[in-house]
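S.K.: Handing you this structure, nothing more for now.
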Amino acid sequence: MTRAVANRIGQALIVLLLAFTASFLLLQALPGDAILIKYQNPEMGLSPEQIAEIRILYGADAPLWAQYGNTIWNFLQGSFGYSVQAGVPVNTLLATNLPPTLRLAALGLLVAVVLAFCLAFAATLAPFRWLRNLLATLPALMISVPVFWLGIMLIQIFSFRLRLVPIINPNEFQALILPVLTLALPIAAPLAQILIRSLDEVEAQPFVSVARAKGATRRGVLWRHVLRNALLPVLTIAGLLFGELLAGAVVTETVFGINGLGRITEQAVSNQDTAVLQAIVILAALGFVIINLAVDLIAPLIDPRLNRKLGADA
Amino acid sequence: MAQEAPVQGGTLVYLEQQPHTNLYPPAGGFYPNSGILNQITDKLTWQNPETLEIEPWIAESWEINADATQYTFKLRQGVTFSDGTPLDAEAVAKNFDVFGLGDKELGYPIAEAINNYDHSEVVDPQTVKFFFKAPAPGFLQATSVIGSGLVATSVLAQPYNELGDATKIIGSGAFVVESEVLGQSLNLKAREDYAWGPVNLEHQGRAYLDAIQYIVTPEDSVRIGALLAGQADFIRQIQAYDEPQVEAQGYLIHSASTRGVNNNAVFRPENPLVSDLRVRQALTAATNTDEIVQTIYSAHYPKASSVIAATALGYVDLHDKLAFDQDRAKAMLDEAGWVQGADGIREKDGQKLELSVYESLPQPQSRAMFQLLSQQWAQVGVKLNVLAGDAGSAAVDRLDPLKTPVVSAMVGRADPDVIKSNFYPTNRDALLQKGGLNAAATWEDPALNELLLAIASEPDNAKRLELTGEAQVYLLDQAYVIPIFEEPQVFAGAPYVNGISFDAVARPSFYNTWLAPR
Chain A
162 MTRAVANRIG QALIVLLLAF TASFLLLQAL PGDAILIKYQ NPEMGLSPEQ IAEIRILYGA
222 DAPLWAQYGN TIWNFLQGSF GYSVQAGVPV NTLLATNLPP TLRLAALGLL VAVVLAFCLA
282 FAATLAPFRW LRNLLATLPA LMISVPVFWL GIMLIQIFSF RLRLVPIINP NEFQALILPV
342 LTLALPIAAP LAQILIRSLD EVEAQPFVSV ARAKGATRRG VLWRHVLRNA LLPVLTIAGL
402 LFGELLAGAV VTETVFGING LGRITEQAVS NQDTAVLQAI VILAALGFVI INLAVDLIAP
462 LIDPRLNRKL GADA
Chain H
44 MAQEAPVQGG TLVYLEQQPH TNLYPPAGGF YPNSGILNQI TDKLTWQNPE TLEIEPWIAE
104 SWEINADATQ YTFKLRQGVT FSDGTPLDAE AVAKNFDVFG LGDKELGYPI AEAINNYDHS
164 EVVDPQTVKF FFKAPAPGFL QATSVIGSGL VATSVLAQPY NELGDATKII GSGAFVVESE
224 VLGQSLNLKA REDYAWGPVN LEHQGRAYLD AIQYIVTPED SVRIGALLAG QADFIRQIQA
284 YDEPQVEAQG YLIHSASTRG VNNNAVFRPE NPLVSDLRVR QALTAATNTD EIVQTIYSAH
344 YPKASSVIAA TALGYVDLHD KLAFDQDRAK AMLDEAGWVQ GADGIREKDG QKLELSVYES
404 LPQPQSRAMF QLLSQQWAQV GVKLNVLAGD AGSAAVDRLD PLKTPVVSAM VGRADPDVIK
464 SNFYPTNRDA LLQKGGLNAA ATWEDPALNE LLLAIASEPD NAKRLELTGE AQVYLLDQAY
524 VIPIFEEPQV FAGAPYVNGI SFDAVARPSF YNTWLAPR
């Protein structure tokens with residue numbers, strides 16, 4: 162088991178290095194760079210000599226391999242450099258933007274999971290076939306709603322028309338309601354869809370008939386036997402949902418005007434703010450690695466058969 | 044409501060479209076930066092937005108030598124920065140040394156508004172003298188612009204990289220930065236002991252407002268919705284098509300002119316497709332600015348009638364040179380040898396008359412404007428592609444006259460120097476001349492450059508304005524630019540927000556602002 166964990170950490174480090182290298186090379190390959198975009202802007206009215214001096218100051222005139230090495234060395238020491246566009250250290254940007262995004266993403270995921278389960282149970286247990294069918298088609302509808310539009314509609318209805326929650330100067334609780342909903346609805350949809358499918362499949366298996374034959378109620382079977390077996394595919398896509406959460410956060414944060422990683426990512430991309438982007442790539446890669454590790458560790462708890470496989474690998 | 048007595052107190056909730064960036068005052072050209080800097084910093088002089096005269100502010104009086112190479116300013120007594128340090132000759136000298144010369148070690152670029160700067164001398168604690176390498180007649184006005192906001196010397200001792208943090212900007216203004224959530228919101232509070240507003244303002248003493256809250260709200264519909272729902276008091280950047288719904292509900296549109304070089308389509312004559320004067324003149328004649336202004340903009344966007352705005356210093360009315368005349372356009376293109384091909388696009392020597400332009404994100408509805416222009420040019424057989432590349436490609440391609448034969452350019456500054464700023468090769472270099480931003484450029488117009496330099500260094504004001512007129516005539520005779528409209532900054536405010544004022548280039552000042560009881 163220790164070896165397995167060491168292996169996983171080794172893999173994680175390789176993933177991080179590859180992600181860093183790939184993003185570094187891609188950013189170099191793009192036309193233009195942050196310094197060009199910011200200082201070549203006619204607004205600044207700088208002469209070519211002045212821009213050349215600024216380049217030297219930022220170390221952008223150094224050869225590629227030296228910039229690569231420098232950046233890694235600085236990263237290892239916990240320094241992510243300066244955001245050319247915002248004019249503050251990247252560390253400061255992350256310190257202000259990471260916690261709100263994590264909170265938004267965690268709550269969004271939580272609400273999405275709750276919604277997905279409610280919907281899946283309702284779609285499976287509802288009394289009439291037509292109602293079950295109707296509920297089962299809801300996720301497809303929810304997936305096709307653009308997050309951007311959803312956010313604006315929620316604001317227009319709940320904040321501007323019904324005046325239930327202010328969007329400007331809300332308290333800490335109010336500030337979360339609409340953004341969390343905006344983020345949760347599109348994520349709940351695929352989760353619910355998979356859960357419904359998975360519940361259907363498991364229900365069709367022989368052991369369910371056996372349990373029913375022994376006199377268990379439909380609901381009881383669902384809780385005790387089916388759910389546990391249906392959870393696995395849901396857990397597997399949790400890793401993928403992390404990406405969805407980040408993407409949703411970009412839109413949600415922009416629409417609601419709240420700070421967060423999504424918003425600084427969007428700005429860093431449009432300004433090719435290399436230092437910021439590389440820090441974000443590393444963070445995102447780290448997030449994926451941790452979530453996948455967690456999924457791998459939790460899965461055997463749900464399905465003991467997987468434990469043997471993991472053991473055999475190690 | 045104007046006759047009511049101002050009420051003291053309250054917080055103005057101001058929704059801003061974009062977060063501020065570096066707050067080094069010379070970087071105040073960026074609208075969000077200037078909206079903050081104007082409240083927290085003071086300037087040596089105050090440019091009266093109505094008369095455009097330069098009036099005393101932190102400087103009580105000044106003397107300029109005959110050839111405008113030496114400026115002596117006498118400073119007001121008792122002015123302090125918000126950290127308690129005195130705003131004296133020492134501080135002013137340090138500010139302008141950095142503005143005029145930059146600081147390589149700390150990374151400060153040179154301010155655009157200041158030309159030919161040599162050095163400063165502290166004569167006594169209240170007197171400072173500036174020396175210039177060549178005549179600098181624009182310097183007096185340059186001491187009044189956002190970019191010359193005075194900051195405590197401790198600010199300029201920090202690396203340029205880190206000045207995006209607004210709490211580090213210590214000025215002597217009527218408001219002080221209290222706190223900020225980077226990229227999201229910024230809180231200013233009034234300075235109780237403020238007693239040095241521009242002398243010619245009726246209002247003296249501290250600001251009426253207790254506080255200003257800036258909240259970055261990128262989404263247009265959310266900004267407008269929040270204003271109309273009573274959650275905000277004042278918002279920046281209203282699109283022309285949103286103006287009617289704001290006014291319909293009794294809210295006010297505030298628009299102010301940026302009073303400089305207009306929103307122009309500028310040609311890069313190095314590109315062989317537009318190097319022929321007749322082609323550029325034909326495209327000028329093919330441009331229907333009336334249609335553009337009426338279709339895309341509103342009454343707050345005056346149609347341009349010269350290179351600079353009608354409200355700018357030295358403006359001459361040249362609308363005769365800008366007449367819309369499709370027949371003339373076609374005739375000139377025929378004369379220049381461009382023949383309509385099978386697809387309707389003109390050709391010459393196997394080459395199509397196909398141009399491209401990048402939309403300019405900071406300018407209002409730039410994309411829609413160029414698309415309409417593209418339709419107008421298509422009627423005379425010229426194709427204009429409107430590109431929306433990412434910032435990186437756009438920044439690179441704009442430096443290549445072959446990729447972008449047309450570019451959108453404007454500058455706001457209420458001094459004739461503004462024309463030089465836009466066109467001179469070592470400034471913004473809109474035409475991409477030799478010696479400017481494009482290292483590979485070979486084209487230049489020495490006559491134009493000589494004229495621009497003369498504007499920036501002519502000490503006689505009357506002559507200077509005359510030269511400014513000549514430059515406008517020259518630019519249009521050469522058809523280097525097609526003026527489209529005079530760019531305003533458009534804001535909207537709740538009806539109870541009084542005393543909003545704008546400086547000479549449309550930057551808001553909230554020193555006089557007060558909130559009537561609702």
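As they're listed, the protein sequences go chains A and H. Each residue of the first sequence is one higher than the one before, counting from 162 in the numbering used here. Each residue of the second sequence is one higher than the one before, counting from 44 in the numbering used here. By construction, the Cβ of each residue, glycine as well, lies at the ideal position given by its N, Cα and C atoms.
1) Where does methionine 303(A) land, buried or exposed, given buried means 16+ other C-beta within 10 angstroms?
2) Per DSSP, what are the beta-bridge partners of proline 250(A) in this structure?
3) Measuring straight from C-alpha to C-alpha, what distance separates alanine 45(H) and asparagine 91(H)?
4) Label alanine 475(A) either buried or exposed according to how many other C-beta atoms from any shown protein chain fall within 10 Å of its C-beta, with 16 as the threshold for buried.
5) Could you tell me which whole beta strand (DSSP E) segments of length 3 or greater appear in the segment 91–124 of chain H?
6) Using a beta-carbon distance below 9 Å, is asparagine 204(H) in contact with chain A?
7) Ends of the alpha helix (DSSP H) at leucine 177(A)?
8) Listing by chain order, which chain H residues have their CB less than 7 Å from the CB of glycine 248(A)?
9) Nearest CA to the CA of glycine 226(H): which residue from Ile212(H), Val242(H), Thr260(H)?
10) I'd like to know whether the C-beta atoms of phenylalanine 175(H) and alanine 109(H) end up nearer to each other than 9 Å.
11) Quick one: which chain H residues come within Cβ less than 7 Å of arginine 424(A)?
12) How big is the Cα-Cα spacing for isoleucine 355(A) and glutamate 362(A)?
13) Does leucine 495(H) have its Cβ less than 9 Å from a Cβ in chain A?
14) Mind pulling the chain A residues with CB within less than 7 Å of threonine 642(H)?
15) I want to verify the contact list: residues of chain B whose CB lies under 7 Å from the CB of lysine 176(H), in sequence order.
16) Under 9 Å between the Cβ atoms of alanine 70(H) and glycine 150(H)?
17) Quick one: which chain H residues come within Cβ less than 7 Å of leucine 191(A)?
18) For tryptophan 239(H), count the other beta carbons within 10 Å of its own beta carbon; 16 or more makes it buried, fewer makes it exposed. Which is it?
19) State yes or no: is the beta carbon of arginine 389(A) nearer than 9 Å to at least one beta carbon in chain H?
20) Kindly list, in the order they appear in chain A, the residues whose Cβ is closer than 8 Å to that of alanine 482(H).
21) Compute the distance between the beta-carbons of aspartate 434(A) and valine 245(A), then report whether it is under 9 Å.
22) Contact check, asparagine 258(A) vs glycine 421(A) under 8 Å by CB: the rounded distance?
23) With a cut-off of 9 Å, does the C-beta of glutamine 335(A) fall near any C-beta of chain H?
24) Tell me which residues share the same chain as threonine 301(H) and place their Cβ nearer than 6 Å to its Cβ, disregarding the 5 neighbours each side in the sequence.
25) Tell me whether the beta-carbon of arginine 389(H) lies closer than 9 Å to the beta-carbon of alanine 328(H).
26) What are the boundary residues of the alpha helix (DSSP H) that threonine 556(H) is part of?
27) Under a CB-based cut-off of 9 Å, is glutamine 408(H) close to chain A?
28) Under the three-state reduction of DSSP, which class applies to leucine 292(A): helix, strand or coil?
29) Nearest-angstrom Cα distance between lysine 117(H) and valine 135(H)?
30) Determine the extent of the beta strand (DSSP E) in which glycine 536(H) is found, giving its start and end residues.
31) Would you kindly report the start and end of the unbroken alpha helix (DSSP H) that includes aspartate 128(A)?
32) Does the Cβ-Cβ distance between asparagine 314(H) and proline 444(H) come in under 9 Å?
33) Could you name the residues of the segment 413–438 of chain A whose beta carbon sits closer than 7 Å to any beta carbon of chain H, in the order they occur along the chain?
34) State the Cα-Cα distance for the pair threonine 84(H) and leucine 339(A), rounded to the nearest angstrom.
35) Got a sec, what are the start and stop residues for the alpha helix (DSSP H) isoleucine 233(A) sits in?
36) What residue from Ala522(H), Ile525(H), Glu493(H) has the CA that sits closest to leucine 510(H)'s CA?
M.R.: This is what the structure gives:
1) So methionine 303(A) ends up on the buried side.
2) Tyr243(A).
3) Unreliable placement is indicated for alanine 45(H), whose pLDDT of 49 sits below 50; the coordinate value is still reported in the next sentence. Going from the Cα of alanine 45(H) to the Cα of asparagine 91(H) covers about 20 Å.
4) The pLDDT assigned to alanine 475(A) is 39, lower than 50, so where the model puts this residue is not dependable; a value taken from the coordinates is nonetheless given after this. Residue burial is scored here from C-beta neighbours: alanine 475(A) has fewer than 16 other C-beta atoms within 10 angstroms and is therefore classed as exposed.
5) Listed in chain order, they are 97–99, 102–107, 113–118.
6) So, interface residue.
7) From DSSP, the alpha helix (DSSP H) with leucine 177(A) extends over 163–190.
8) Correct list: Thr64, Asn65, Asn204, Glu205, Leu206, Gly207.
9) Between glycine 226(H) and the set Ile212(H), Val242(H), Thr260(H), the nearest pair of CA atoms involves Thr260(H).
10) Judged by their CB atoms, phenylalanine 175(H) and alanine 109(H) are not nearer to each other than the 9 Å cut-off.
11) Ordered by position in chain H, the residues that pass the 7 Å Cβ test against arginine 424(A) are Gly226.
12) When rounded, the separation of the alpha-carbon atoms in isoleucine 355(A) and glutamate 362(A) is 11 Å.
13) Among the residues facing chain A, leucine 495(H) is not included, as its CB has no counterpart in that chain under 9 Å away.
14) Coverage of chain H is limited to positions 44 through 561, which leaves residue 642(H) absent and any answer about it impossible.
15) Absent from the structure: chain B. Protein chains present are A and H.
16) Contact: no.
17) Those are Gly435, listed as they occur along chain H.
18) Burial call: buried.
19) Output row for arginine 389(A): interface = no.
20) Near alanine 482(H) (Cβ distances below 8 Å), the residues of chain A are Pro209.
21) Yes, the Cβ-Cβ distance between aspartate 434(A) and valine 245(A) is below 9 Å.
22) Contact holds; Cβ gap of about 5 Å.
23) Among the CB atoms of chain H, none fall inside 9 Å of the CB of glutamine 335(A).
24) Annotation for threonine 301(H): Gly455, Glu530, Val548, Ala549 place their beta carbon closer than 6 Å to its own, counting only its chain and skipping 5 residues before and after.
25) Contact: no.
26) DSSP places threonine 556(H) in no alpha helix (DSSP H); its state is neither H nor E.
27) Not an interface residue.
28) Helix.
29) Roughly 11 Å separates the two Cα atoms.
30) Note, glycine 536(H): beta strand (DSSP E), 531–536.
31) Given that chain A is displayed from residue 162 to residue 475, the structure contains no residue 128(A) and the question cannot be resolved.
32) In terms of Cβ geometry, asparagine 314(H) and proline 444(H) form a close pair [threshold 9 Å].
33) Cβ contacts with chain H come from Thr415, Val416, Gly418, Ile419, Asn420, Arg424, Ile425, Ser431, Asn432, Gln433.
34) Distance between the alpha carbons of threonine 84(H) and leucine 339(A): 37 Å.
35) Counting along the chain, the alpha helix (DSSP H) containing isoleucine 233(A) begins and ends at 225–237.
36) Glu493(H) is the residue among Ala522(H), Ile525(H), Glu493(H) whose C-alpha sits nearest the C-alpha of leucine 510(H).
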